[in-house]
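To start, the structure itself, in structure tokens.
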Amino acid sequence: MGDATTTEQSTGDLADFPTRWHTGLALVAHPDDPEYGMSAAVARWVGEGKRIVYALASSGEKGIAGMDPDEAGPLREQEQREAASIVGVDEVEFWGFPDSDIANSEALRARITETIMAVDPDVIISLFGGDHWAPGAPNQRDHIEFAAAVVDAYDALLPRAHQRRLFENGPNASHAVEVGDEVEVAVRSLAAHRRYLEVLDPDTPVDEQARAQIEKVTAPREDFGGRRAVAFTLVRDGDTDPDH
Ligand SMILES: [Zn+2]
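Position 167 of the sequence shown, counting from 1, maps to 180 under my numbering, and the rest follow consecutively.
In structure tokens:
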């Protein structure tokens, strides 16, 4: 657990995210979902030689106000591929489910199952599925439906899903990944959603928006020995080797 230079070097409340795995599958609803939360951790994992795959239910085609979805979809896919490539992720798939109308449907669960079987991940990272991030900060309906579909698909896969741990990237964390230099990479990665962010907040430069968000999700954590980290919640503990 880190170095022992401080007097109260407790392990903190959060456990270290498992390290002995090879393939991670990030399942999300929209372009920019990986970048808003987990990309600094992804940059670290890729740097350690792990394989990370991004799968996105939608292309975020409704996400740019004033832009026709037929134009916004391809643009957002392109920005997403660029954002992924900045953290070293080259495998990005888009499933084409309708942005802003994502439902925990049989079709979505089937696609999730198919992708888990095809990618064969050791670790699955999904979106936060709770209804509120914090009091007064409701989660998006797309995210809630999507996260529920992932859990349902995972449970239906048992026992074939059993060797894979399922995490969500949100509050009420149980595990954390320490990050350092990856913070800058994550800022660049989020800023790759340039057109999206320009329209979202025309008054704040894109790089500034990206930095503010990444600083927030990689802030030093009292519950992790004061270290900068990205936090995750263990949702399903695959029946894996108990010592890691
Ligand atoms: Zn989203």
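Note that beta-carbon positions come from the ideal geometry of N, C-alpha and C, so glycine has one too. None of the values given here were measured: they were computed from a predicted structure.
Same chain, Cβ closer than 8 Å to residue i, neighbours up to 5 away in sequence not counted
i	result
residue 106	66, 67, 68, 69 and 128
residue 27	186, 187, 188, 189, 234, 236, 237, 242 and 244
residue 122	162, 165, 166 and 169
residue 257	Only weak support is given to the placement of residue 257: the predicted model assigns it a pLDDT of 41, under 50, and the value that follows is read from those uncertain coordinates. Contacts found: 31, 32 and 33.
Extent of the continuous beta strand (DSSP E) run through residue i
i	result
residue 37	36-41
residue 64	64-69
residue 249	240-249
residue 178	178-182
Beta-carbon proximity check, residue i vs residue j, cutoff 7 Å
i	j	result
residue 167	residue 77	no
residue 53	residue 192	yes
residue 223	residue 203	yes
residue 41	residue 140	yes
residue 72	residue 90	yes
residue 126	residue 88	no
residue 46	residue 206	no
Short CB-CB distance (under 7 Å) between residue i and chain B
i	result
residue 206	No chain B is present in this structure, which holds just one protein chain.
Presumed contact (8 Å Cβ cut-off) between residue i and residue j, rounded CB distance
i	j	result
residue 85	residue 92	That pair is no contact at about 10 Å.
residue 199	residue 56	6 Å
residue 124	residue 108	5 Å
residue 38	residue 134	4 Å
residue 51	residue 138	6 Å
Cβ neighbours of residue i in the same chain (closer than 6 Å, five flanking residues each side left out)
i	result
residue 201	99
residue 21	A caution first: residue 21 carries a pLDDT of 41, below 50, which makes its placement in the model unreliable, though a value can still be read off. Around residue 21: no qualifying Cβ.
residue 101	59
Contacting residues, own chain, Cβ-Cβ under 7 Å from residue i (five flanking each side not counted)
i	result
residue 248	164, 179, 180 and 181
residue 116	158
Segment limits, alpha helix (DSSP H) that includes residue i
i	result
residue 127	119-132
residue 260	Outside the shown range of the chain (14 to 257) lies residue 260, about which nothing can therefore be said.
residue 99	82-99
residue 138	Counting along the chain, residue 138 falls outside any alpha helix (DSSP H), though it belongs to the beta strand (DSSP E) covering 136-140.
Reference residue i, options the options, closest by Cα
i	options	result
residue 196	217, 221 and 227	227
residue 61	142, 118 and 36	36
residue 194	161, 112 and 58	58
residue 143	112, 87, 132 and 161	161
residue 48	82, 95 and 83	95
residue 132	79, 33, 177 and 206	177
residue 155	184, 126 and 112	112
residue 79	240, 101, 211 and 32	211
residue 103	50, 221, 64 and 246	64
residue 184	251, 240, 217 and 246	246
Any non-hydrogen atom of ligand 3 closer than 6 Å to residue i Cβ
i	result
residue 206	As for ligand 3, it is missing from this structure, which binds only ligand 1.
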